[in-house]
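Report on the structure given below.
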Amino acid sequence: MLSVSDAAQRLLSENVGRLILVRLRGNKVLRGVLRSFDQHLNIVLEDAEEILENGSRRLGVVVIRGENVILMSPV
Amino acid sequence: MLSVSDAAQRLLSENVGRLILVRLRGNKVLRGVLRSFDQHLNIVLEDAEEILENGSRRLGVVVIRGENVILMSPV
Amino acid sequence: MLSVSDAAQRLLSENVGRLILVRLRGNKVLRGVLRSFDQHLNIVLEDAEEILENGSRRLGVVVIRGENVILMSPV
Amino acid sequence: MLSVSDAAQRLLSENVGRLILVRLRGNKVLRGVLRSFDQHLNIVLEDAEEILENGSRRLGVVVIRGENVILMSPV
Amino acid sequence: MLSVSDAAQRLLSENVGRLILVRLRGNKVLRGVLRSFDQHLNIVLEDAEEILENGSRRLGVVVIRGENVILMSPV
Amino acid sequence: MLSVSDAAQRLLSENVGRLILVRLRGNKVLRGVLRSFDQHLNIVLEDAEEILENGSRRLGVVVIRGENVILMSPV
Amino acid sequence: MLSVSDAAQRLLSENVGRLILVRLRGNKVLRGVLRSFDQHLNIVLEDAEEILENGSRRLGVVVIRGENVILMSPV
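Residue numbers (my numbering), protein chains in the order written: chain D, 1 to 75; chain L, 76 to 150; chain C, 151 to 225; chain F, 226 to 300; chain R, 301 to 375; chain U, 376 to 450; chain P, 451 to 525.
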């Protein structure tokens, strides 16, 4: 069995430069190109946008504090 | 008596590659194939879906931050 | 005076294999056979069920993250 | 001046075997005989009951996770 | 400039044996004679009472977990 | 680039003895003369008052637990 | 792959002296010129203002506790 560090980091590493979805506490959902991350799940997204009920809002580059991340998945 | 580390890890290890249910804070429930986990209960699920009141939503591969996990159980 | 570690651990150790009630944050109440625990109150329950207002829901084996535990008591 | 550790621990030590009131987050109030405690305010109560608006509910022996404790006082 | 440890501790030390007001999370307000405290702001109050909208409720001696403290002030 | 410790501490140090505004979780806003602070943003204010929708309430000297601080700014 | 520390710190360093948007827990949004930050995302903003539904409120210089930060992005 892989440790999650290995599996999660490999999954995330494979998705650097690709579009991912990030769900945050407080029902916020962001989508953007993963530029980088660390072991606390702090994330830098490029071309990020917040997904709203009706449409989306452009955010550009964002630094997300990992503590607010619930889950991430490649799109 | 087994320590929970032993028992929990054995339980989870036995379920790598199998379907599990993960309940998160904020009343989110996910179901997917356990790919990996660590001692903080960070989890990688494959073929994950969010269970909704009426149906479900496909998520694919997800990295779940352990801090949001309330409980996990094999399906 | 016993330290709580001693008293709590002895209480829990005495109840491995027996039915206990676990109250979680968010008003969740589970009942199940205690298989194991650790010093963070991470818990593995067997034959677990969630107690609902009207009846209960079967969960089978569950791993509970200790951080969500408010209290535990033998049934 | 006594450190709180000293004062709090002496206060609690003096009340082992006596009835105390424990207020938890989420507006839960328990009353029971203090069997033991530790420096994190993890507590074991015997003959515990939850105080409800109209009456009380018997819980027997309970292990309370200190993180949920707001305050404790001898009855 | 004094470090807050110095200033806060001096302020609290000066008020041991005097009446202080303690505001807790969840809109609870207590008033009592400060018996002791530590660097986590764990507090022991004597002759404590909870201040209610209309009047107050006697609590006697209480141990308050510092994590719930928002602020304290001499009365 | 200055580290925030430097910049934040210099900013706060420059404001010891001056009026500052402190916003706390739970929509509490305090105003008072900064007497001292530490690296956890624990704060001692003198002549503090709570800003209410309609007016203010005098608090005198207060010790604020840094964990509840959202932001601070010189008035 | 860059570590997030590198990527996030480079992103933030590049934006010292420029306008950024900071989203805080509790639906607070601030905009101001980034003066400094540290690895906990503690931030000092100059010429800060809080963005309100209808307009904005001037705050001047603010120290923001990193724990409350959800995300930051250059404007």
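Cβ coordinates follow ideal geometry from the N, Cα and C atoms, glycine included.
Just so it is clear, the structure is predicted and the values come from calculations on it, not from any experiment.
Presumed contact (8 angstroms Cβ cut-off) between residue i and residue j, rounded CB distance
| i | j | result |
| --- | --- | --- |
| Arg361 of chain R | Val344 of chain R | Contrary to the premise, residue 361 of chain R reads as Val rather than Arg in this sequence. So it is a contact: roughly 7 angstroms between Cβ atoms. |
| Val69 of chain D | Leu41 of chain D | 5 angstroms |
| Leu209 of chain C | Ser148 of chain L | 5 angstroms |
Backbone CA spacing between residue i and residue j [nearest angstrom]
| i | j | result |
| --- | --- | --- |
| Gly167 of chain C | Lys28 of chain D | 42 angstroms |
| Glu124 of chain L | Leu446 of chain U | 38 angstroms |
| Gly291 of chain F | Glu196 of chain C | 25 angstroms |
| Leu396 of chain U | Leu249 of chain F | 31 angstroms |
| Ser13 of chain D | Leu87 of chain L | 24 angstroms |
| Gln9 of chain D | Leu469 of chain P | 32 angstroms |
| Ser111 of chain L | Gly326 of chain R | 38 angstroms |
| Asn240 of chain F | Asn165 of chain C | 26 angstroms |
| Arg507 of chain P | Ile426 of chain U | 16 angstroms |
| Gly280 of chain F | Ala157 of chain C | 29 angstroms |
| Asp113 of chain L | Glu503 of chain P | 42 angstroms |
| Gly182 of chain C | Leu34 of chain D | 42 angstroms |
Span of the beta strand (DSSP E), counted from its first residue to its last, around residue i
| i | result |
| --- | --- |
| Val472 of chain P | 469 to 474 |
Interface residues of chain A facing residue i [CB-CB closer than 9 angstroms]
| i | result |
| --- | --- |
| Ala123 of chain L | This model lacks chain A altogether, as its protein chains are D, L, C, F, R, U and P. |
Within the stretch 29 to 75 of chain D, note down every full alpha helix (DSSP H) run reaching 4 residues or more, in order along the chain. With a minimum length of 4 residues, no continuous alpha helix (DSSP H) run stays inside the stretch 29 to 75 of chain D.
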